[in-house]
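Numbering (the working numbering), first residue to last: 139 to 480. Inspection log for the structure reproduced underneath, given as structure tokens.
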Ligand code: KG4
Ligand code: ZN
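Listed below in structure tokens is the structure:
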């Protein structure tokens, strides 16, 4: 079985071809970084136009092999309406022309199932706790069995990636600056203050996050007046965000002792300090820790193809297979427009 994955939820156009054993035959992505540089942020109209430009070009590179594909998985939501529309129409057109079934995929489930590419079926060992950290989402999810997701904690305002990006932008690191901030933080080599910024949401007993207060504190603190270098300040910012994520993940594991594994996914899962902190937490708790390979953390077509293939393998003919988009769509909800109805 071979599945084509098409991702276009925000500002990355990406396609990928995956074989039966989740082996990646092809992946090509085009980030819209250049055209967004003047805006220092995502402009919905601009990225929709970029998807129009890039997706047909990317599809052309695999046109010789599309006929033999068994299914086309595409991101149906959540995401920017214009971006989702372009990707879903490309998928639908190919599906009609070549008579290939479509599989609509939830973007966040794509991030989660990107772990299957390297690590296989994680649910065979028991319930899983998932920490999703991206530019748009920060959620703790308890997954008792495959395809079942209970959101047990989430951000009340900004996502962790958004906090990284906004603080990075303020520090003059460009957009999106999360990875750049992290790169500079590594150069501080552990010499930085750990209590300069407050770790948010520590004085309550829930599993929710909040990063907008930290963003304000971090962008109004004059780090030079504390004698810190930019690298040291980046390390302080990174430490504070990582601690906020780690403490709530630890609490979630304590409240869900049946979990045998922790999955870290989403763009911020590429962050080395976060990976290290959670790896140590899992050693302490004697559970397994999984995250996608760094190439499949930020938005990509392989994670969508992997989710499509995983659904095909486990749900096969029962799968709902029509074209729709849903820009606002929570992971624990069925899509509003039930695809099986059309
Ligand atoms: O999942 P993703 O590609 O897009 C969304 O679905 O939102 O995540 C992108 C986010 C951006 O905020 C980016 O700055 C952040 O992931 N990111 C990082 C790192 N690499 C990507 N944040 C911190 N450290 C990194 N190494
Ligand atoms: Zn994403």
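Quick reminder that beta carbons are idealized off the backbone N, C-alpha and C, glycines included.
Q) In this structure, does DSSP put residue 161 in helix, strand or coil? A) coil
**Prompt:** With distances taken from CA atoms, which of 352, 230, 235, 388 is nearest residue 290?
**Reply:** 388
Original post:
Pick from 260, 313, 145, 311: whose alpha carbon is nearest that of residue 248?
Top reply: 145
task: Would you check if the distance between the CB atom of residue 259 and the CB atom of residue 294 is smaller than 9 Å?
output: no
### Query
Nearest-angstrom Cα distance between residue 307 and residue 313?
6 Å
**Item:** Contiguous beta strand (DSSP E) assignments of at least 3 residues, all confined to the segment 199 to 236
**Value:** 209 to 215
On a Cα-Cα basis, can you pick out the residue from 180, 462, 198, 319 that is closest to residue 411?
319
- Expressed to the nearest angstrom, what Euclidean distance is found between the alpha-carbon atoms of residue 416 and residue 427? 8 Å
Report the start-end ranges of each alpha helix (DSSP H) in the segment 356 to 403 that is 4 residues or longer and not cut off at the edges.
368 to 393
* Asked: Would the C-beta of residue 295 count as close to the ligand KG4, meaning under 8 Å from any of its heavy atoms?
  -> no
Assuming residue 212 contacts residue 226 (C-beta within less than 8 Å), just tell me the rounded distance between them.
5 Å
Going along the chain, which residues put their C-beta within less than 5 Å of some heavy atom in the ligand KG4?
272, 273, 274, 299, 302, 303, 314, 316, 317, 320, 404, 405, 406, 408, 409, 436, 437
Worksheet item: Assuming residue 400 contacts residue 193 under a Cβ cut-off of 8 Å, what Cβ separation, rounded to an integer in Å, is found between them?
Response: Their Cβ separation, rounded to whole angstroms, is 34 Å, which puts residue 400 and residue 193 out of contact at 8 Å.
Notebook entry, point to check: residue 154: buried (16+ other C-beta within 10 angstroms of its C-beta) or exposed?
Noted result: buried
Along the beta strand (DSSP E) that carries residue 316, what are the first and last residues, could you check? Taken as a continuous stretch (DSSP letters only), residue 316 belongs to no beta strand (DSSP E), being part of the alpha helix (DSSP H) at 316 to 324.
Own chain partners of residue 217 with C-beta closer than 7 Å, once the 5 adjacent residues on each side are dropped | 147, 148, 245, 465
- prompt: Should residue 220 and residue 185 be called a contact, given that it needs their Cβ atoms to be closer than 9 Å?
  reply: yes
In this structure, how does DSSP classify residue 479 when only helix, strand and coil are distinguished? Low confidence applies to residue 479: its pLDDT is 40, below 50, so where it sits in the model is not reliable, and the reading given next is rough at best. Helix.
Where DSSP assigns a beta bridge to residue 150, which residues make up the other side?
169
What three-state label does DSSP hand residue 302 in the structure shown?
-> helix
TODO: Just tell me which of 382, 468, 446 has its CA closest to the CA of residue 342.
DONE: 382
_Output needed for residue 207: all residues of its chain with C-beta closer than 6 Å, excluding positions within five of it in sequence on either side, in chain order._
140, 142, 238
Does DSSP put residue 144 in a helix, in a strand, or in coil? strand
Alpha carbon to alpha carbon, how far is residue 310 from residue 326? Give it in angstroms, no decimals. 18 Å
request  = Would you tell me roughly how many angstroms separate the C-alpha atoms of residue 169 and residue 438, rounded to the nearest one?
outcome  = 10 Å
From residue 338 to residue 348, what distance separates their C-alpha atoms?
6 Å
Spatial neighbours of residue 372 in its chain, beta-carbon cut-off 6 Å, leaving aside the 5 residues before and after
319, 322, 323
Practice problem: Could you tell me whether the Cβ atoms of residue 265 and residue 397 are closer together than 9 Å? | Solution: yes
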